[in-house]
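S.K.: Every letter in the first sequence is one number past the one before it in the working numbering, and letter 462, counting from 1, is 1834.
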Amino acid sequence: MQIKSQINNILEESFKALNITPKSLQVSDATKPEFGDYQYNGAMALAKELKQNPREIAIKLANELEKSELFEKVEVAGPGFINLTLSSSFLSKNLLKSLDERAGVSLKENPIKVVVDYSSPNMAKQMHVGHLRSTIIGDTLANLFEFLGDEVIRQNHIGDWGTQFGMLIAYFEENQKDIDAKLSDLEEFYKAAKKRFDESEEFAKKAREYVVKLQSGDEGCLRLWSAFIDKSLQHCQEVYDKLGVKLDKNCVKSESSYNDDLGNIVTELESKGVAKESQGAKCIFFEGSDNPLIVQKQDGGFLYATTDLAAIRYRVQELGAKRVCYVVDARQSEHFRQVFEAARLAGFADERVLLEHIAFGMMLDKSGKPFKTRDGGTVKLIDLIDEAVNRAKEVISRANEYSQEELEKIAQVVGIGSLKYADLSINRQSNYIFDWDKMLSLDGNTALYMQYAYARINSILNKAGEFETREPKLTDTLERRLALKVLALEDTLLKAYQEAMPHIITNYLYELATLFMKFYENNPILKEGVDEETKISRLNLAKATANAIKVSLNILGIEVLERI
RNA sequence: GCACUCGUAGCUCAGCUGGAUAGAGCAUCUGAUUGCGGUUCAGAAGGUCACAGGUUCGAAUCCUGUCGAGUGUACCA
1373 MQIKSQINNI LEESFKALNI TPKSLQVSDA TKPEFGDYQY NGAMALAKEL KQNPREIAIK
1433 LANELEKSEL FEKVEVAGPG FINLTLSSSF LSKNLLKSLD ERAGVSLKEN PIKVVVDYSS
1493 PNMAKQMHVG HLRSTIIGDT LANLFEFLGD EVIRQNHIGD WGTQFGMLIA YFEENQKDID
1553 AKLSDLEEFY KAAKKRFDES EEFAKKAREY VVKLQSGDEG CLRLWSAFID KSLQHCQEVY
1613 DKLGVKLDKN CVKSESSYND DLGNIVTELE SKGVAKESQG AKCIFFEGSD NPLIVQKQDG
1673 GFLYATTDLA AIRYRVQELG AKRVCYVVDA RQSEHFRQVF EAARLAGFAD ERVLLEHIAF
1733 GMMLDKSGKP FKTRDGGTVK LIDLIDEAVN RAKEVISRAN EYSQEELEKI AQVVGIGSLK
1793 YADLSINRQS NYIFDWDKML SLDGNTALYM QYAYARINSI LNKAGEFETR EPKLTDTLER
1853 RLALKVLALE DTLLKAYQEA MPHIITNYLY ELATLFMKFY ENNPILKEGV DEETKISRLN
1913 LAKATANAIK VSLNILGIEV LERI
């Protein structure tokens, strides 16, 4: 349920009745529970414009607002704050809706088509930690958009083109190795090829020739190339499956697939006067900047930018996307700013299409340096995932006895969940300090805390057996605050949707789980002496809470456990 | 040089479409509780929101400048 927009509507009507056109109609959360549930601070801003006393405006407005059945209490405080308290019956009634599978969240009225471009590994190498954030954040956003009703196209823009493949083919040719045997360890193969490339000028030359051969469609080269890609994709799929990320073969839209279009793109850019020649290269210049976007090199080769422009045109014009999200490292923000602007200039995307660079910071170790292995190498993603599961195993087996099978399953869910949650719970734009201990802690804003809260509720519900689905009665502050938080789920998801910020959801989850723990501590459910009426009411409230937790975690790509 | 991002408690982070006494967790200290799963709950202490100006009735939040950190900056992706 959207609470804020309902309140905003009432505000709008009230202003209409008073013949005032306000600048802002946004209610905000009450800054303190004592103030009520929501507050409106616009009266102060209006005072000057209307040349009236802010408190008087607030009082007039409050009188109008009071007419609505939504509110139990409307109070004017201080210089002109309007504090709003929702009626308990309104909360109870809507809580009933939170008992369904979507935790009461409705679908968007105007769904759109969205492309989320994420993960985008390079095909010559194994996936490493550098791919983690894009993969996790992108998958979460895709889940969120989908949950709210948008038609989501997940795209994995894999790097399967360029000199690196010439290198690989040349190395392969030189060694005449059996493809399966050698490719089983792709990383080693790539390293060896790279070493040869750096050491031998002759080899490098050969590699470049192979690139040309490959691009001109030489069959032998193509066969080898596609074998490399297959192998590499298999490895990626293994990572995605372990992570529980919803990427598969169908999401792959490779760089090379835009190949045939690149020449046309440049021609079109030129004919529209968007691109022009400079120092032998085809460039797009922007006002107020000396750095052009190069779309074709002196030697005629195309670049990353060219492919990106082709991709935008494809996504907007062929797929019909109204929002395109690029979940890519913050270091490329200038690149995307230029590419987006170029796409606008060229008319590949008009202003109704939202092009967004979902930028994120780097992953750092505890001392604030880039995250590396002990000997300074890049950390392979698959190893990181395995370590997360192993560490989870240790943490949970400290607390409880499990059968082997159970331990494996729980460690899997907790380990992966923690890895994801730790990343998603901080503002994506800042750098992220990776810390195993913090990640797998049960205290604080962690996956384990949420999963535990869920399991705990589940255990209560199981113990209670069958009970009647009914509107919970909110008898005290804690129940009320919990109910309010449960109902704020949709507003929260919408905000996260708008800003493409997963941490808005984790913050919500943490507040929700904390409130539940408090409620649970003070309001016994199954203890002796609790009357039937209260028990059923609290069971329903607990159920609604569990639903909200589950829905939120699932959007983050994190599973819940019935038992920990 | 220029551009972008960031600077909030000892540490890790929220809060940033301007609002009432700047919030959490960890760590530290104190207490409850023999517990409907204690991997719990409550409380204390900890802040010139980098600094300096400006706008405003009102600034952590907006603007300008300074300092500090990171990143990017013509033919890689």
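Every residue, glycine too, gets a C-beta built ideally from N, C-alpha and C.
#1: Roughly how many whole angstroms lie between the Cα atoms of E1559 and A1599?
#2: Kindly indicate which three-state DSSP category I1798 falls into: helix, strand or coil?
#3: Nearest-angstrom Cα distance between I1768 and L1796?
#4: Quick check: the Cα distance between D1620 and I1431, rounded to an integer number of angstroms?
#5: Taking buried to mean at least 16 other C-beta atoms within 10 Å of its own C-beta, is R1595 buried or exposed?
#6: N1455 bridges to which residues according to DSSP?
#7: Measuring alpha carbon to alpha carbon, tell me which of V1923, R1935 and E1883 ends up nearest G1476.
#8: Evaluate D1747 with the Cβ neighbour count: other Cβ atoms within 10 Å of its Cβ, from every protein chain shown; 16 or more gives buried, anything less gives exposed.
#9: Nearest-angstrom Cα distance between V1624 and I1530?
#10: On a CA-only basis, which of P1896, R1685 and M1735 is nearest D1722? Give me that one, please.
#11: Kindly indicate which three-state DSSP category H1729 falls into: helix, strand or coil?
#12: Among residues of its own chain, excluding the 5 on either side of S1506, which ones have a beta-carbon nearer than 6 Å to its beta-carbon?
#13: Could you name the residues that DSSP lists as bridge partners for G1531?
#14: Which full runs of the beta strand (DSSP E) of 3+ residues lie inside the region 1654 to 1727, going along the chain?
#15: What is the DSSP secondary structure of M1735, reduced to helix, strand or coil?
#16: In three-state terms, what does DSSP make of V1488?
#17: Can you give me the C-alpha to C-alpha distance between F1674 and I1876, rounded to a whole angstrom?
#18: Which whole-angstrom value describes the C-beta separation of D1863 and Q1536, a residue pair presumed to lie in contact below a C-beta threshold of 8 Å?
#19: Looking at the strands, I want to know which residues DSSP matches up with D1939.
#20: When burial is assigned at 16 or more other CB atoms within 10 Å of the CB, is T1639 buried or exposed?
#21: Where are the alpha helix (DSSP H) runs, 4 residues long or more, that stay fully inside the region 1801 to 1856, in chain order?
#22: Select from H1503, V1688 and E1904 the residue whose C-alpha is nearest the C-alpha of A1718.
#23: Have a look at F1657 and P1874 and give me their C-alpha separation to the nearest angstrom.
#24: Output needed for G1510: all residues of its chain with C-beta closer than 7 Å, excluding positions within five of it in sequence on either side, in chain order.
#25: R1526 by DSSP, collapsed to three states: which one?
#26: Smallest Cα separation from N1926: which of L1397, T1512 and K1376?
#27: Assuming L1898 and K1835 are in contact, meaning their beta carbons sit under 8 Å apart, how far apart are those beta carbons, in whole angstroms?
#28: Hey, could you find the ends of the beta strand (DSSP E) K1567 is sitting in?
#29: State buried or exposed for S1775, treating a residue as buried only when at least 16 other CB atoms are found within 10 Å of its CB.
#30: Report the start-end ranges of each beta strand (DSSP E) in the region 1610 to 1653 that is 3 residues or longer and not cut off at the edges.
#31: Is it true that the CB of V1725 sits closer than 8 Å to the CB of K1765?
#32: Compute the Euclidean distance between the alpha carbons of E1415 and A1783, then round it to the nearest angstrom.
#33: For the region 1904 to 1912 against the region 1800 to 1815, do three or more pairs of beta-carbon atoms, one drawn from each stretch, fall closer than 8 Å, so that the two count as touching?
#34: According to the Cβ coordinates, are L1756 and Q1823 closer than 8 Å?
#35: DSSP three-state call for P1742: helix, strand or coil?
#36: Could you give the C-beta distance for N1455 and A1402, rounded to a whole number, given that I count them as a contact under 8 Å?
M.R.: Answer, in terms of the structure:
#1: By 1-based counting over the first sequence, the position of residue 1559 is 187. By 1-based counting over the first sequence, the position of residue 1599 is 227. The alpha-carbon atoms of E1559 and A1599 are separated by roughly 15 Å.
#2: Working through the first sequence from its first residue, we reach residue 1798 at position 426. Residue state, collapsed to three classes: coil.
#3: Numbered from its first residue, the first sequence carries residue 1768 at position 396. Numbered from its first residue, the first sequence carries residue 1796 at position 424. So the two alpha carbons sit approximately 22 Å from each other.
#4: For this step, residue 1620 is matched to residue 248 along the first sequence. For this step, residue 1431 is matched to residue 59 along the first sequence. Each residue's alpha carbon lies about 58 Å from the other.
#5: Reading the first sequence from its first residue, position 223 is the one you call residue 1595. Exposed: under 16 other Cβ atoms inside 10 Å.
#6: In the first sequence, the residue the question calls residue 1455 occupies position 83. Paired residue(s): Q1411 and E1447.
#7: On the first sequence, position 104 is the one that residue 1476 refers to. The option with the nearest alpha carbon to G1476 is V1923.
#8: Looking up residue 1747 in the first sequence gives position 375. Exposed, by the Cβ-count rule.
#9: As a working note, residue 1624 is residue 252 in the first sequence. As a working note, residue 1530 is residue 158 in the first sequence. When rounded, the distance between both Cα atoms is 7 Å.
#10: Here residue 1722 corresponds to residue number 350 of the first sequence, with the count starting at 1. D1722 has its Cα closest to that of R1685, out of P1896, R1685 and M1735.
#11: As a first step, residue 1729 must be located in the first sequence, where it is residue number 357. Here H1729 sits in strand by DSSP.
#12: Here residue 1506 refers to the residue found at position 134 of the first sequence. Excluding residues within five positions, the ones whose Cβ falls inside 6 Å are Y1490, S1491 and V1699.
#13: Residue numbering aside, residue 1531 sits at position 159 when the first sequence is read from its first letter. Answer is N1494.
#14: 1665 to 1668 and 1695 to 1701
#15: Here the question's residue 1735 lines up with position 363 in the first sequence. In this structure, M1735 counts as strand in the three-state DSSP scheme.
#16: To locate residue 1488, count along the first sequence from 1; it is residue 116. DSSP places V1488 in strand when its eight states are reduced to three.
#17: To locate residue 1674, count along the first sequence from 1; it is residue 302. To locate residue 1876, count along the first sequence from 1; it is residue 504. Taking the straight line joining both Cα atoms gives about 39 Å.
#18: What you label residue 1863 is simply residue 491 of the first sequence in a count that begins at 1. What you label residue 1536 is simply residue 164 of the first sequence in a count that begins at 1. Contact flag wrong, Cβ pair sits at about 46 Å.
#19: Within the shown structure, residues of the chain are numbered from 1373 to 1936, placing residue 1939 beyond reach of any answer.
#20: Position 267 of the first sequence, counted from the first residue, corresponds to residue 1639. When all chains shown are included, T1639 counts as exposed.
#21: 1808 to 1811 and 1819 to 1836
#22: The sequence position of residue 1718 within the first sequence is 346, counting from 1. It is V1688.
#23: Counted from its first residue, the first sequence places residue 1657 at position 285. Counted from its first residue, the first sequence places residue 1874 at position 502. One C-alpha to the other measures close to 35 Å.
#24: Residue mapping note: residue 1510 aligns to position 138 of the first sequence, counting from 1. Counting only Cβ-Cβ distances below 7 Å, and skipping sequence neighbours, we find V1488, Y1490, S1491 and V1699.
#25: Numbered from 1 along the first sequence, position 154 holds the residue referred to as residue 1526. If DSSP states are grouped into helix, strand and coil, R1526 belongs with the strands.
#26: Position 554 of the first sequence, counting from 1, holds the residue named residue 1926. The shortest C-alpha separation from N1926 is found at T1512.
#27: Against the first sequence, residue 1898 aligns to sequence position 526. Against the first sequence, residue 1835 aligns to sequence position 463. That pair is a contact at about 6 Å.
#28: Against the first sequence, residue 1567 aligns to sequence position 195. Per DSSP, K1567 belongs to no beta strand (DSSP E); it is in the alpha helix (DSSP H), L1558 to E1571.
#29: Sequence index remark: in the first sequence, residue 1775 carries index 403 (1-based). With fewer than 16 Cβ atoms within 10 Å of its Cβ, S1775 is classed as exposed.
#30: 1647 to 1650
#31: Position 393 of the first sequence, counted from the start, is the residue given in the question as residue 1765. Position 353 of the first sequence, counted from the start, is the residue given in the question as residue 1725. Contact: no.
#32: Your numbering for residue 1415 matches position 43 in the first sequence. Your numbering for residue 1783 matches position 411 in the first sequence. The residue you asked about is not Glu; residue 1415 is Ala in the sequence shown. If I take the Cα positions, the gap works out to 53 Å.
#33: no
#34: On the first sequence, position 384 is the one that residue 1756 refers to. On the first sequence, position 451 is the one that residue 1823 refers to. No, Cβ-Cβ distance for L1756 and Q1823 is not below 8 Å.
#35: As a working note, residue 1742 is residue 370 in the first sequence. Strand.
#36: In the first sequence, the residue the question calls residue 1455 occupies position 83. In the first sequence, the residue the question calls residue 1402 occupies position 30. Going by Cβ atoms, the distance from N1455 to A1402 rounds to 6 Å, so yes, they are a contact pair.
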